[in-house]
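Using the working numbering, you'd call the opening residue of the sequence shown number 560 and step up by one each time.
Structure first, then comments.
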Amino acid sequence: MVQSRRVQIDLALAAAAQSPLTTQFAVERPWLRLGGFALMAILLVGLWTFVLALVLVPFPDLRDQVGSSTPLPDTAFRLVGESLQTLVFAAAISVVALGILQAAAMTYRRPMKDFLWPGRRFDKAQLGIGFLAMACMSVITIPIYLATGSEWAPPILDGQYLDRTRFIYVLAMVAGLFVAAAAEEVMFRGVMLRLTGLITRRPLLLYLINGLVFSAIHLDPDPIAFIARALSGTVWTWAALRLGGLEFAIGAHLANNLIISLFWQPFSEAAIARESEWIDLGPEVLTAVAMIVMIERLARRYIDLPSDLAARPAA
């Protein structure tokens, strides 16, 4: 049994090493090309940021919320402000992702889809499965968090907020967090993973590098939160490599952020640094294991199976 599991793990790692997101992308003088990409990314991100700033000029209150790290006042209309802040944040991170993606496509002379789901079309099924799988795990782990002492105050169930503002908040969270999740996946599991694959195609290194950088970019000083985000980044990197695209990771990322914003705390509360307990990692590890099992089942059924069938001799 143990040997069988080890064989399955070895096969999964071997398949990940041959992922479309890391293969068939060799370039000459990779470090020089990487430097060119960095310069192009700075220019394009700066350009799109300038465009967004111009759009927000008539709305100074919204512009000030882009870099805000303080929670909004807890009034009856708070969720309206939360909605606007989320949408502005989504717009800000999306222009960064767009600039980075365009820079990669121009520098490496590849279509943008080669950094997202190379060699195939966008797979809506993977997006939906990723969302449902992560949403289910988030709901399952709520009692575990409560048992370990976490406070539960769902914004959409809080009677102090007006009903219509809660409806607006749900719509804004779905739209804004979808854009934000997609943008982060494009940057990390898309462009960064693709370019890291030029240096090494060893899956374990790719998982480690991507997870650590993804967590570090959030600038959260809490070591428990750092590990939890690194774990999430590692799992979503596993999904991208095994499934050959970002759809599953986008869906899972969206579900994770959406459950937090709807059922745990308002969006602006996420920027507040907190001290977590080591026991809080328990549900995170459980979720990671469950998601990896789901990803492997999908990969073996829809990714590995066709190649196996193709290799069989005709009857």
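C-beta atoms are modelled at their ideal positions from N, C-alpha and C, and glycine is treated no differently.
What would DSSP say about SER578, mapped onto helix, strand or coil? SER578 carries a coil assignment under DSSP once its states are collapsed to helix, strand and coil.
Output needed for MET693: all residues of its chain with C-beta closer than 6 angstroms, excluding positions within five of it in sequence on either side, in chain order. Result list for MET693: ALA811, ALA814 and ASN815, in chain order.
Which value, in whole angstroms, describes the spacing of the CA atoms of ILE862 and HIS777? Whole-angstrom Cα-Cα distance: 32 angstroms.
C-alpha gap between GLU843 and GLY658, whole angstroms: CA-to-CA, the gap between GLU843 and GLY658 works out to about 32 angstroms.
Suppose the cutoff is 6 angstroms on Cβ atoms and the five residues either side in sequence are ignored; what does the same chain contact list for ALA649 look like? Short of 6 angstroms from the beta carbon of ALA649, and not among the five residues preceding or following it, lie these beta carbons of its own chain, in chain order: GLY735, VAL738 and ALA739.
Reducing DSSP to helix, strand and coil, say where HIS877 ends up. The shown model of the chain, from 560 to 874, leaves out residue 877, and the question about it has no answer.
Pick helix, strand or coil for TRP837, following the three-state DSSP scheme. Taken through DSSP and simplified to helix, strand or coil, TRP837 comes out as helix.
Proximity of GLU744 and TRP795 at Cβ, strictly below 8 angstroms: Less than 8 angstroms divides the Cβ of GLU744 from the Cβ of TRP795.
So, for GLY770: in the same chain, excluding its five sequence neighbours on each side, which residues have a beta-carbon less than 6 angstroms away from its beta-carbon? In its chain, beyond the 5 residues on either side, ALA789, GLY792 and THR793 have a beta carbon closer than 6 angstroms to the beta carbon of GLY770.
Looking at the secondary structure, which residues open and close the alpha helix (DSSP H) in which PHE773 lies? Boundaries of the alpha helix (DSSP H) harbouring PHE773: 762-775, taken from the DSSP string.
By alpha-carbon positions, which one of ALA808, SER642, VAL698 and THR846 ends up nearest to SER827? Its Cα nearest to that of SER827, the residue SER642 stands out among ALA808, SER642, VAL698 and THR846.
Over what stretch of residues does the alpha helix (DSSP H) that includes LEU802 continue unbroken? Start and end: 782-802.
By how many angstroms is the C-alpha of ALA635 removed from the C-alpha of ASP722? CA-to-CA, the gap between ASP722 and ALA635 works out to about 10 angstroms.
Can you tell me which of the three DSSP states GLN661 falls into? Here GLN661 sits in helix by DSSP.
Thinking ALA575 and LEU800 are a contact (beta carbons under 8 angstroms), I'd like their distance in whole angstroms, please. Right, their Cβ atoms sit about 4 angstroms apart.
How many Å lie between SER866 and LEU580 at the Cα? Its pLDDT being 45, under 50, SER866 is placed unreliably by the model, and the measurement read from it follows with that caveat. For SER866 and LEU580, the gap between their C-alpha atoms comes out near 17 angstroms.
For ALA731 and LEU646, I'd like the C-alpha separation in whole angstroms. Roughly 7 angstroms between the two C-alpha positions.
Measure the alpha-carbon distance for VAL698 versus GLU836 and round it to whole angstroms. Computed Cα separation, rounded: 20 angstroms.
Between MET665 and LEU754, what straight-line distance do the alpha-carbon atoms span, to the nearest angstrom? Going by the C-alpha atoms only, they are around 13 angstroms apart.
Which stretch, first to last residue, makes up the alpha helix (DSSP H) that contains TRP590? It spans 589-615 - the alpha helix (DSSP H) in which TRP590 sits, taken as one unbroken run.
Can you give the beta carbon distance from VAL586 to TYR667, rounded, assuming they're within the 8 angstroms contact cut? That belief holds up - the Cβ atoms of VAL586 and TYR667 are roughly 6 angstroms apart, short of 8 angstroms.
Start and end of the alpha helix (DSSP H) containing GLU744? Where GLU744 is concerned, the enclosing alpha helix (DSSP H) stretches over 722-744.
Under 8 angstroms, do ALA651 and LEU611 count as touching if we go by C-beta distance? Contact: yes.
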